[in-house]
Amino acid sequence: MVPTKRDARIAGWLYFLFAAPGPFCLLYVPDKIMVRGDAVATAANVLAHEMLLRTSVVIWLLGLALWILMALALYRLFNGVSKALASLLVIFVALSVGIGFLNELNNLAAILVLRGSEFASTLAQPQRAALAMLFLRLHGQGHAVNEMFWGLWLLPFGLLIARSNFIPRLLGIWLLLDGFAWMGLSIIALLAPSYNDLAFKLAQPAVFAELAVMLWLMTIGVRARATERHAMPPVVQG
């Protein structure tokens, strides 16, 4: 199948819709809810901003669903380059989405512990607050685990771009660096969490590769002449 600008732009816009809620769900809401080292204050924030936390859960789940659609759009775009790599991309995305869906249960569990009357009434308020803090911290650890897959899916994606004739190879190489950066962030978050903030700042030049690829797909799509070369049948010499 010959890739078209329409295929690329569909993938690009799905990429945008999937990624857009990221700052809200990953940065704004945790910053609004979590108070480091203070479970009681964190619990009070959960109760005061319960709808904000629930909204974050719903938005994140919808984003994950869009990620699946985006992966399928990328498969359609790149399966002519390498069906094996395009399939691997979809598999890594599917695994990450599964982890992401399960991880959101931790945010809901924090709310249930503080709001539930059937089972939590046997617990004192400080115990409820501690449990809620535990679930919120587990949610953060779930993201740390999933960062490994946030990096893994970029490896076949980067190789597909690098091998294609219709998107600049430099973007593919940059995306490969981005993939290794996310995998490194996952390892650091799990083995040496005190260095996580510093590692994230250092990884920013690599992480911006996804933004560059997304903007390329949305605005330029595929290069027409390169697409023609990609579609051209091999010349048989005799």
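In our numbering, each residue's number is its place in the sequence shown (first place is 1) plus 97. Just so it is clear, CB atoms sit at the ideal spot from N, CA and C, and this is done for glycine as well.
Is the separation between the beta-carbon of residue i and that of residue j shorter than 7 Å?
| i | j | result |
| --- | --- | --- |
| residue 233 | residue 207 | yes |
| residue 271 | residue 306 | yes |
| residue 279 | residue 186 | no |
| residue 102 | residue 318 | yes |
| residue 283 | residue 244 | yes |
| residue 273 | residue 255 | yes |
Could you give the C-beta distance for residue i and residue j, rounded to a whole number, given that I count them as a contact under 8 Å?
| i | j | result |
| --- | --- | --- |
| residue 150 | residue 130 | 6 Å |
| residue 178 | residue 260 | 5 Å |
| residue 210 | residue 268 | About 45 Å; that fails the 8 Å criterion. |
| residue 176 | residue 183 | 5 Å |
| residue 221 | residue 136 | So it is not a contact: roughly 12 Å between Cβ atoms. |
| residue 134 | residue 315 | Actually they do not touch by this definition, with Cβ atoms about 42 Å apart. |
| residue 153 | residue 121 | 7 Å |
| residue 229 | residue 143 | 6 Å |
| residue 173 | residue 104 | 6 Å |
| residue 193 | residue 246 | 4 Å |
Evaluate residue i with the Cβ neighbour count: other Cβ atoms within 10 Å of its Cβ, from every protein chain shown; 16 or more gives buried, anything less gives exposed.
| i | result |
| --- | --- |
| residue 334 | Confidence in residue 334 is poor, its pLDDT being 46 and thus under 50, which makes the residue's placement too unreliable to answer from. |
| residue 225 | buried |
| residue 215 | exposed |
| residue 107 | buried |
| residue 125 | exposed |
| residue 155 | exposed |
| residue 288 | exposed |
| residue 111 | buried |
| residue 72 | Only positions 98 to 335 of the chain appear in this structure, which leaves residue 72 out of reach. |
Using only CA atoms, which one of the options lies nearest to residue i?
| i | options | result |
| --- | --- | --- |
| residue 162 | 191, 228 and 174 | 191 |
| residue 188 | 155, 223, 205 and 248 | 248 |
| residue 128 | 146, 316 and 314 | 146 |
| residue 203 | 298, 273, 132 and 238 | 238 |
| residue 253 | 245, 297, 276 and 263 | 276 |
| residue 195 | 159, 230 and 221 | 159 |
| residue 197 | 111, 119, 308 and 296 | 119 |
| residue 285 | 300, 273 and 274 | 300 |
| residue 140 | 205, 273, 287 and 257 | 205 |
| residue 297 | 193, 148 and 281 | 281 |
| residue 312 | 264, 295 and 293 | 264 |
| residue 199 | 157, 231 and 219 | 157 |
| residue 223 | 138, 117, 295 and 132 | 138 |
| residue 132 | 302, 231, 258 and 201 | 231 |
Check for me: the alpha helix (DSSP H) holding residue i runs from which residue to which?
| i | result |
| --- | --- |
| residue 294 | 293–304 |
| residue 219 | Element bounds for residue 219: n/a, residue is neither H nor E. |
| residue 280 | 266–288 |
| residue 167 | 147–175 |
| residue 200 | 180–212 |
| residue 110 | 102–116 |
| residue 258 | 251–260 |
| residue 130 | 126–130 |
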